[in-house]
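Engineer: Below is a structure I'd like to ask you about.
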Amino acid sequence: QKEVEQNSGPLSVPEGAIASLNCTYSDRGSQSFFWYRQYSGKSPELIMFIYSNGDKEDGRFTAQLNKASQYVSLLIRDSQPSDSATYLCAVSPYNTDKLIFGTGTRLQVFP
Amino acid sequence: DAMVIQNPRYQVTQFGKPVTLSCSQTLNHNVMYWYQQKSSQAPKLLFHYYDKDFNNEADTPDNFQSRRPNTSFCFLDIRSPGLGDAAMYLCATSRHRERDYTFGSGTRLTVV
Numbered sequence: 001q002k003e004v005e006q007n008s009g010p011l012s013v014p015e016g017a018i019a020s021l022n023c024t025y026s027d028r029g030s031q032s033f034f035w036y037r038q039y040s041g042k043s044p045e046l047i048m049f050i051y052s053n054g055d056k057e058d059g060r061f062t063a064q065l066n067k068a069s070q071y072v073s074l075l076i077r078d079s080q081p082s083d084s085a086t087y088l089c090a091v092s093p094y095n096t097d098k099l100i101f102g103t104g105t106r107l108q109v110f111p
Numbered sequence: 001d002a003m004v005i006q007n008p009r010y011q012v013t014q015f016g017k018p019v020t021l022s023c024s025q026t027l028n029h030n031v032m033y034w035y036q037q038k039s040s041q042a043p044k045l046l047f048h049y050y051d052k053d054f055n056n057e058a059d060t061p062d063n064f065q066s067r068r069p070n071t072s073f074c075f076l077d078i079r080s081p082g083l084g085d086a087a088m089y090l091c092a093t094s095r096h097r098e099r100d101y102t103f104g105s106g107t108r109l110t111v112v
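Protein chains in written order, with our numbering: chain A, 1 to 111; chain B, 1 to 112.
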């Protein structure tokens with residue numbers, strides 16, 4: 001079992017729709033969860049992080065964490081073509097500095 | 001601006017010829033990381049330093065080595081690059097246990 005799993009996609013949504021990206025993780029002790037956006041050939045850029053169960057909103061983005069289900073998601077409201085990228089879920093396991101990435105979900109937002 | 005700088009952005013090396021990638025930071029972060037990312041794959045952690053304490057991932061090939069001569073600099077040495085080592089190599093930093101990760105722009109390595 002991979003430590004961090006994501007559906008590779010592509011996930012295609014029309015402009016203005018809500019994009020929903022999902023991630024599961026295997027280490028139940030993990031405490032910190034991150035969503036990164038990565039454009040082709042570029043390095044990952046942080047969208048947001050979440051540490052506590054529930055929802056965290058930042059502009060058009062909402063991260064949701066459910067530790068009991070070992071599940072974290074990212075919602076993108078009012079999707080724009082410029083949101084088209086690969087979205088990487090990353091987890092920092094308990095008592096470590098390490099950041100473990102999933103393979104990412106490719107999002108395509110079409111006009 | 002405080003940042004993480006990787007040089008070069010693009011590196012072409014010959015099969016079997018040793019190559020070194022460099023990373024520097026002005027953030028004064030005490031943890032530095034090297035990741036390998038192949039096309040359409042997850043960034044894979046190779047190793048990380050907490051100050052001078054080196055932490056190697058169990059599945060990192062012996063062909064990959066690292067040096068951290070001081071807080072600001074970290075190097076990735078590939079002793080005998082193979083075609084399978086072609087990838088984007090990402091350097092990142094953070095403060096210990098703060099999880100304030102900052103990534104460099106990456107070095108794209110091509111092996112010919």
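For each residue, glycine too, the CB sits at the ideal point set by N, CA and C.
1. Is the number of C-beta pairs between the segment 39-53 of chain B and the segment 95-104 of chain A that are closer than 8 Å three or more?
2. Could you tell me the boundaries of the beta strand (DSSP E) in which B/Glu57 lies?
3. So which residues of chain A does B/Gly104 contact, with C-beta pairs closer than 9 Å?
4. Opposite A/Lys56 in the DSSP bridges: which residues?
5. Using 8 Å for Cβ pairs, my map puts B/Leu21 next to B/Phe75. What's the rounded Cβ distance?
6. Among the residues of its own chain, which have a CB less than 6 Å from the CB of B/Met88, if the five just before and after it don't count?
7. Please confirm whether B/Arg108 has its beta-carbon closer than 9 Å to some beta-carbon of chain A.
8. Which first and last residues belong to the beta strand (DSSP E) in which A/Asn7 is found?
9. For a test of the three-state rule: what should DSSP assign to A/Pro111, helix, strand or coil?
10. At 9 Å on the CB atoms, spell out the chain A contacts of B/Leu45, in chain order.
11. Measure from the C-beta of B/Leu90 to each C-beta in chain A and report whether the shortest distance is under 9 Å.
12. With a threshold of 9 Å between beta-carbons, can A/Ser26 be considered close to chain B, or not?
13. Given a threshold of 16 other Cβ atoms within 10 Å of its Cβ, counted over all protein chains shown, does A/Pro44 qualify as buried or as exposed?
14. Can you name the residues of chain B whose CB is closer than 7 Å to the CB of A/Gly104?
15. Have a look at B/Asn55, B/Val111, B/Met32 and B/Ser94 and flag the residue whose alpha-carbon is nearest the alpha-carbon of B/Ile78.
16. In the DSSP assignment, find the unbroken beta strand (DSSP E) run with B/Ile78 in it and report its ends.
17. Give me the residue from A/Leu107, A/Leu99 and A/Gly41 with the minimum Cα distance to B/Phe47.
18. Is B/Val31 close to chain A? Criterion is C-beta to C-beta, closer than 9 Å.
19. So A/Ser79 is in the beta strand (DSSP E); what residue range does that whole segment cover?
20. Hey, does A/Val4 have any beta-carbon neighbour from chain B nearer than 9 Å?
21. Any residues in the segment 62-89 of chain B with a beta carbon nearer than 8 Å to a beta carbon of chain A? Which ones, in chain order?
22. Is there contact between the segment 29-39 of chain A and the segment 83-100 of chain A, where contact requires at least three CB pairs shorter than 8 Å?
23. With A/Ile47 as the anchor, note down where its beta strand (DSSP E) starts and where it stops.
24. I need the straight-line Cα distance from A/Val4 to A/Ser26, nearest angstrom please.
Structural biologist: Walking through what the data contain:
1. At 8 Å Cβ cutoff, the stretches touch.
2. Element bounds for B/Glu57: n/a, residue is neither H nor E.
3. What B/Gly104 touches in chain A: Ser43.
4. According to DSSP, which records beta bridges pairwise, A/Lys56 is partnered with A/Ala63.
5. 7 Å between Cβ atoms; contact.
6. Within its own chain, the residues whose Cβ lies closer than 6 Å to the Cβ of B/Met88, once the five positions on either side in sequence are excluded, are Gln37, Gly106 and Arg108, listed in chain order.
7. By this cut-off, B/Arg108 is an interface position.
8. DSSP places A/Asn7 outside any beta strand (DSSP E), giving it a letter other than H or E.
9. Of the three classes helix, strand and coil, the one that applies to A/Pro111 here is coil, per DSSP.
10. By Cβ distance, chain A contributes Lys98, Leu99, Ile100 and Phe101.
11. Yes, B/Leu90 counts as interfacial toward chain A.
12. Residue contact check for A/Ser26 against chain B: no CB pair falls below 9 Å.
13. Counting Cβ neighbours within 10 Å, A/Pro44 comes out buried, since at least 16 surround it.
14. Within chain B, the residues Ala42 have their CB atoms less than 7 Å from the CB of A/Gly104, given in chain order.
15. Minimum Cα distance to B/Ile78 is reached at B/Val111.
16. It spans Phe73 to Ile78 - the beta strand (DSSP E) in which B/Ile78 sits, taken as one unbroken run.
17. The closest CA to that of B/Phe47, considering only A/Leu107, A/Leu99 and A/Gly41, is found on A/Leu99.
18. Contact with chain A is found for B/Val31, since one of that chain's Cβ atoms lies less than 9 Å from the residue's Cβ.
19. Per DSSP, A/Ser79 lies in no beta strand (DSSP E) and is assigned neither H nor E.
20. Closer than 9 Å to some Cβ of chain B, the Cβ of A/Val4 qualifies, so yes.
21. Within the segment 62-89 of chain B, the residues whose Cβ lies closer than 8 Å to some Cβ of chain A are Met88, listed in chain order.
22. Yes: at least three Cβ pairs fall under 8 Å.
23. A/Ile47 -> beta strand (DSSP E) spans Glu45 to Ile50.
24. Roughly 7 Å between the two C-alpha positions.
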